[in-house]
Amino acid sequence: MRLSSQTQSLTRFSLPSFDMTSGSKSLMWFRKGLRIHDNPALEYAAKNSTHVYPVFVIDPHYMKPDPTAFSPGSKLAGLNRIRFLLESLVDLDYNLKKLGSRLLVLHGEPGNVLIRCLKEWDIKRLCFEYDTELYYQALDAKVQSYALESGIEIFSPVSHTLFNPAEIIQKNGGKPPMNCLSFSKIAGDPHWLSSSLSTTLSMIPPVGDVGNFEVSEVPTVKQLGYEDIQEEEPPIFKGGESEALRRLRESIKDKEWVAKFEKPNTDPSAFLKPATTMLSPYLKFGCLSSRYFYQCIKEIEKEFKNHTSPPVSLLGQLFWRDFFYTAGFGTPNFDRMRGNKICRQIPWNNDDELLAAWRDARTGFPWIDAIMVQLRKWGWIHHLARHSVACFLTRGDLFIHWEKGRDVFERLLVDSDWAINNGNWLWLSCSSFFYQYHRIYSPVTFGKKYDPTGAYIRHFLPVLKDMPMEYIYEPWTAPLIIQTKANCIIGKDYPKPVISHETASKECKGKMAAAYELNKEKNGMVSDEDLQNLRTRVEDQSQVTGSRRLKQKLI
DNA sequence: CCGTCAGTTGGACCT
DNA sequence: CAGGTCCAACTGACG
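Right, here's the structure in full:
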């Protein structure tokens, strides 16, 4: 199958005519997009080249063990995700070998390594998937500038997302759409919808001479310097395209389930038979093409007259992904509060002990703690469980800066995705997109709504198995003997909640209302001094200034 | 007469 | 579910 010409027109660079006579070496640079199916960059590299060098560069900064981190892993990534990435690379190598090629694993700073490759291997054409993420924007600019001045052709198609974020922003008058509905209206149907995506490649030209480059196999976790960690249970995700496609087939087997899917009705506490597809880690690394996933769902929806639709349907989930990618691409300082125009400026607390309690699953709320236990164990939690713990941290009882919570997620989640993670933290901390700060999603509310039997909590904290319901949702009422038992088994202090919901709610309301005023006044851009003033003003409860409307209501 | 600005209103938004 | 916030569209005073 051929990709449509439209897909290829997505490249940001003009394509010089190709000289077949001199022999042509292409370099396929893998970063995300760790797959063979629907991989326009790889397909383009394979076309008319005499040799293709499929390269992945392992950045020690990302992969090297960091013993000072709060969980096993590197400075930037938890071990779960590192392992997932390595497995994905092994699978990619395997799939490339079936097509007569192989994966060349190199080590070092990716930009420098790439430029050395282009030079030493006399590469004429560089292919890689376009990436909207800040990190890759900077990295790619460096590599591209070398390639351009050396006359190397660059092919960099958008294939990680359904739509091209830049195009969406342009269609929307230069700004990313700020809600899901307007996003889908502007996006419309993806242009490749009716064309057939390339799902198979018959062969890839052989790898050329690698000279005196040190090319390695995909390293094991152990070779990277990680101790063999005794796992009670095997990791729940196995990385790689093969596993991704297997899971995709598995989860869309029940066609009615696909057609009737409604995200808000899925149960975050379902763990034996998960309530969602759990394909997010595969989409994150591009082991699974979101466009191929889209087409599969679309096919099934055709068979049902009244299937669900975005934003709650399964397709809707892919729209949310693109929505956040677009917002992240079009918003300067998207991953920070300061200097971020769409982010409400709030004088967050800076209590490292409270943050650590949340991060280490010892808040005293079993629902919250059970979720955090799972996050550390599996590296994955249900979307609604993410809501619970994010709302808890930023608004419920702790009121800690969303950037801190974001950092913990970014490290621990196998599917941690820069745009989606930051977008959701902005959302749930009421800093952007959504602003109903008064609606405190307390662990009590969430526990009751989503886990009426307490099964989820009991599964992850087995000590609670025989505990009466009220002790699960209100642990501070538990008799000392049960508390002690829980402490012994979990090995942590199981404290009383720090602040009652009522107090937290009031405090939250005061801060958010003050932040609203400040944001209006300063048009979203505030100085450190402004924040400091706001903080002192808010902390002095007697002088809390509510919003104008709030004041009017009081009068 | 018209353009500007400040203030009001009502509908849409909500993973 | 309900309701705080946002954003168009509107209103009206002013020069």
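Quick note on my numbering: the first sequence kicks off at 55 and runs consecutively.
All C-beta atoms, glycine included, are put in the ideal place defined by N, C-alpha and C.
Under the 10 Å beta carbon count, residue 352 is surrounded by fewer than 16 other beta carbons and is classified as exposed. The beta carbon of residue 103 sits closer than 8 Å to those of 78, 79, 80, 179, 259, all from its chain and outside the five residues before and after it, given in chain order.
Residue 216 is positioned such that its CB atom lies no closer than 7 Å to that of residue 89. Take the alpha-carbon of residue 382 and the one of residue 376: they are about 10 Å apart. Of all alpha-carbon atoms in 96, 568, 303, the one lying nearest the alpha-carbon of residue 153 is that of 96.
When beta bridges are read from the DSSP output, residue 159 appears opposite 110, 270. Looking at the DSSP output, residue 82 shares a beta bridge with 108, 181.
Beta-bridge partners assigned by DSSP to residue 262: none are found. Secondary structure in the segment 183-239: the beta strand (DSSP E) runs of 3 residues or longer, each lying completely within the stretch, are 207-209 in chain order. For a cut-off of 8 Å, the C-beta gap from residue 428 to residue 435 is around 5 Å, short enough to register as a contact. A straight-line Cα-Cα distance of about 24 Å links residue 469 and residue 449. The C-beta of residue 349 has 16 or more other C-beta atoms within 10 Å across all chains shown, which makes the residue buried. Counting the other Cβ atoms within 10 Å of the Cβ of residue 386 gives fewer than 16, which makes it exposed. Cα atoms of residue 272 and residue 114: separation of roughly 14 Å, rounded to the nearest angstrom. A straight line joining the alpha-carbon of residue 567 with that of residue 402 spans about 13 Å. Assignment of residue 318 by DSSP, reduced to helix, strand and coil, places it in the helix class. In this structure, the straight-line span from the alpha carbon of residue 309 to that of residue 437 is close to 22 Å. In this model, residue 163 and residue 208 are separated by some 20 Å (Cα to Cα). In this chain, the alpha helix (DSSP H) harbouring residue 513 covers 509-514. Exposure of residue 263 is indicated by the presence of fewer than 16 other C-beta atoms within 10 angstroms of its C-beta. Between residue 125 and the set 306, 484, 414, the nearest pair of CA atoms involves 414.
Between residue 367 and residue 291, the beta carbon gap of about 24 Å keeps them out of contact (Cβ cut-off 8 Å).
With a cutoff of 7 Å on beta-carbon distance, residue 313 and residue 361 are scored as near each other.
The straight-line gap separating the alpha-carbon atoms of residue 135 and residue 332 is approximately 15 Å.
Annotation: residue 415 is outside any alpha helix (DSSP H) and is labelled neither H nor E by DSSP. For residue 142, the closest C-alpha among the options 433, 172, 110, 155 is that of 110.
A direct Cα-Cα distance of roughly 34 Å separates residue 108 from residue 242. When DSSP reads this structure, residue 132 sits in a beta bridge with 127. Runs of the alpha helix (DSSP H) lying entirely within the segment 553-590 and spanning at least 4 residues, in chain order: 555-576.
Note that the C-beta distance between residue 364 and residue 248 is not below 7 Å. Only exposed fits residue 257, as fewer than 16 other CB atoms lie within 10 angstroms of its CB. Between the alpha carbons of residue 160 and residue 139 lies a distance of about 15 Å. About 7 Å separates the beta carbon of residue 118 from that of residue 278, a gap short enough to meet the 8 Å contact definition. Per DSSP, reduced to three states, the secondary structure at residue 435 is coil, with no helix or strand assignment.
Going by DSSP, residue 356 is part of the alpha helix (DSSP H) stretching over 344-356. Assignment of beta-bridge partners to residue 403 by DSSP yields 454.
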